[in-house]
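All remarks here apply to the structure that follows.
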Amino acid sequence: MRITSHLANGAKHFHLRDTRHKSIIKTEKDRVFEPGVFEPGVFNEPLVIYLSNEEAQELGTETIDALTLAKEVIKFWEPYVTKPVT
């Protein structure tokens, strides 16, 4: 939740510099070639999230791509949103 909160706040304000959030060091696209060399969509350019030491230790990785993070968030929340309301 800390990572997604940090990303959401960064997206809302267009930067990750809010001092309340300490989960992410930086984000960047993982590119093989310089932008504009090939047509858009030829290569996958995932958004890579560089985690703080605390988050990296908890997740067991220093980086995670946005799509993998999204899948992990869905996997976490799915049991809560698919339960029948009683």
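Each residue of the sequence shown is one higher than the one before, starting from 1128 at the first, in my numbering. C-beta atoms are modelled at their ideal positions from N, C-alpha and C, and glycine is treated no differently.
If distances are taken between C-alpha atoms only, which option among E1205, N1180, D1192 and K1153 comes closest to L1174? D1192
Going by DSSP, which residues form a beta bridge with K1202? Looking at the DSSP assignment, K1202 forms no beta bridge with any residue, so it has no partner.
At the level of alpha carbons, what is the spacing between A1197 and P1211? 23 Å
Helix, strand or coil: how does DSSP classify T1190 here? strand
Since F1179 contacts I1152 with CB under 8 Å, what's their CB separation in whole angstroms? For clarity, residue 1179 is Ser in the given sequence; the question names Phe instead. Their Cβ separation, rounded to whole angstroms, is 6 Å, which keeps S1179 and I1152 in contact under 8 Å.
Straight-line gap, A1183 to E1172 (C-alpha atoms, nearest Å): 22 Å
Exposed or buried, L1134, counting other C-beta atoms within 10 Å across all chains shown (16 or more means buried)? buried
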